[in-house]
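For reference, the structure is listed below as structure tokens.
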Amino acid sequence: MSTHGAPQRRSLGDLAALKARGEPIVMVTAYDHPGARVAEAAGVDVVLVGDSAAMTVLGYDSTVPVTVDEMIMLTRAARRGLSTPLLVADLPFGSYEASDEQAVATALRFAKETGCDAVKVERGGATVDRARAIVRAGVPVVGHVGLTPQTAVALGGYRAQGRTAEDARGVRDDALALQDAGCVAIVFEAIPAEVTEAIMPVMRVPVIGIGAGAATDGQVLVFHDLLGLGEGPQARFVRRYADLRADMIAGVAAYAADVRERRYPASEHTYAMRPGEADRLGEVLGE
Ligand code: KIV
45 MSTHGAPQRR SLGDLAALKA RGEPIVMVTA YDHPGARVAE AAGVDVVLVG DSAAMTVLGY
105 DSTVPVTVDE MIMLTRAARR GLSTPLLVAD LPFGSYEASD EQAVATALRF AKETGCDAVK
165 VERGGATVDR ARAIVRAGVP VVGHVGLTPQ TAVALGGYRA QGRTAEDARG VRDDALALQD
225 AGCVAIVFEA IPAEVTEAIM PVMRVPVIGI GAGAATDGQV LVFHDLLGLG EGPQARFVRR
285 YADLRADMIA GVAAYAADVR ERRYPASEHT YAMRPGEADR LGEVLGE
């Protein structure tokens, strides 16, 4: 991965090599330049500009409304912050499902305008054809099976998938179809651990899990979830590594109190005129 200690930009081949060596792949979402800089500094392998941005940073109540233009702006900001990790961008709902032509046009727009290394699409079914078409057009594709938030309503809500043996077969079939379509990696979301364990032996491409147990080739978490930046209940699979929202509220509240109590700004935050200029000020302003 690196020569002479300096981290080098990851390639898709590096992901396959990590899988082959049995070394876990680390993926995290980011949606802007500071988030990408944090991911870069933390040494993750892959940054996903997920359409979870719809909820984490854009204030929508699901991933459905986020647009191509919004995702492109966020992905470009993340790109400018990254030099080492791979960058994957989610194609938003409604931007690739209708036809191969639509899928290829959207994927090419992401590749040309954002500099992402791959695009991600959700579900099996018709998405398998879309994924194959995008791969043929020269843009690497990551698949996503199990709980697919773009179609959570059709799945009966944000709930684990593959909890019966028949449903588990459906998850496996979707994953295999996406793999055969040429996907370079597949995200498994909210799948029982024993289902993941049963599917992994047939997966030749790296599998990145989120709520899919420990048997996958890597893990992904949403930046805002793992850092405690969000509000409200967390999914079962989230482990919180920091409580930044509380720290941020405390910081802004302390600032507000200092302004109101006239403790801020202090002399060290204040500019001074050049020597001797203050003495002439009254005269000059009085002109
Ligand atoms: O949009 C997203 O953040 C995702 C991850 C949860 C995999 O798709």
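Residues in the sequence shown are numbered from 45 upward in steps of one, following this note's numbering.
No residue lacks a Cβ here, since even glycine has one placed at the ideal position from N, Cα and C.
Check, Outcome
"Reference ALA170, options THR100, GLY187, VAL183 and GLY159, closest by Cα", "GLY187"
"Presumed contact (8 Å Cβ cut-off) between GLY255 and ARG280, rounded CB distance", "7 Å"
"Assigned exposure category for LEU271 - 16 Cβ within 10 Å defines buried", "buried"
"Contact test: ASP134 Cβ vs the ligand KIV heavy atom, cutoff 6 Å", "yes"
"Any non-hydrogen atom of the ligand FMN within 6 Å of SER139 CB", "For the structure depicted, the ligand FMN is absent and the ligand set comprises only the ligand KIV."
"Opening and closing residue of the beta strand (DSSP E) in which THR111 lies", "From DSSP, THR111 is part of no beta strand (DSSP E); its letter is neither H nor E."
"Limits of the beta strand (DSSP E) - the one that THR405 falls within", "For residue 405 there is no data in the structure shown, the boundaries of the chain being 45 and 331."
"Assumed close pair MET247, ALA219 - CB separation to whole angstroms, cut-off 8 Å", "7 Å"
"VAL189 - DSSP class collapsed to helix/strand/coil", "strand"
"LEU254 CB to nearest heavy atom of the ligand KIV below 6 Å", "Reading the sequence as shown, one finds Ile at residue 254 and not Leu. Flag set: Cβ of ILE254 near the ligand KIV."
"Reduced DSSP category for PHE232 - H, G, I as helix; E, B as strand; rest coil", "strand"
"Which listed residue (ILE116, SER106 and VAL108) has its alpha carbon closest to that of LEU92", "ILE116"
"Any non-hydrogen atom of the ligand KIV closer than 6 Å to GLY276 Cβ", "no"
"CB of THR107 within 7 Å of CB of PRO193, strictly", "yes"
"Beta strand (DSSP E) runs wholly inside the segment 114–142, at least 3 long, in chain order", "130–134"
"Residue ranges of each alpha helix (DSSP H) within the segment 254–297, 4 or longer", "267–270"
"Top-ranked residue by Cα proximity to VAL215, from ARG153, ARG167, THR195 and ALA225", "ARG167"
"Any non-hydrogen atom of the ligand KIV within 6 Å of VAL249 CB", "no"
"Contacting residues, own chain, Cβ-Cβ under 7 Å from SER46 (five flanking each side not counted)", "Only weak support exists for where SER46 lies, its pLDDT of 45 falling under 50; the value from the coordinates is given anyway. Closer than 7 Å at the Cβ level, and outside the excluded window around SER46, lie GLN52."
"Closest residue to SER356 among HIS313, GLU84, GLY320 and ALA149 (Cα-Cα distance)", "Within the shown structure, residues of the chain are numbered from 45 to 331, placing residue 356 beyond reach of any answer."
"Residue closest to ILE69, alpha-carbon to alpha-carbon, out of THR314, ALA83, ALA122 and VAL90", "VAL90"
"Which listed residue (VAL231, ASP224, ARG307 and ALA155) has its alpha carbon closest to that of VAL266", "VAL231"
"Near the ligand KIV: ASP95 beta-carbon under 6 Å from a heavy atom", "yes"
"With 16 other Cβ atoms within 10 Å as the buried cut-off, status of THR314", "exposed"
"Of the residues THR195, ALA209, GLN223 and VAL264, the one placed nearest GLU332, counting alpha carbons only", "In the structure displayed, the chain extends from 45 to 331; residue 332 sits before or after that span and is not available."
"Any non-hydrogen atom of the ligand KIV within 6 Å of THR73 CB", "yes"
"Beta-carbon proximity check, VAL165 vs VAL183, cutoff 7 Å", "no"
"Beta-carbon spacing of ARG124, HIS77 below 7 Å", "yes"
"Host beta strand (DSSP E) of LEU92 (start-end)", "90–93"
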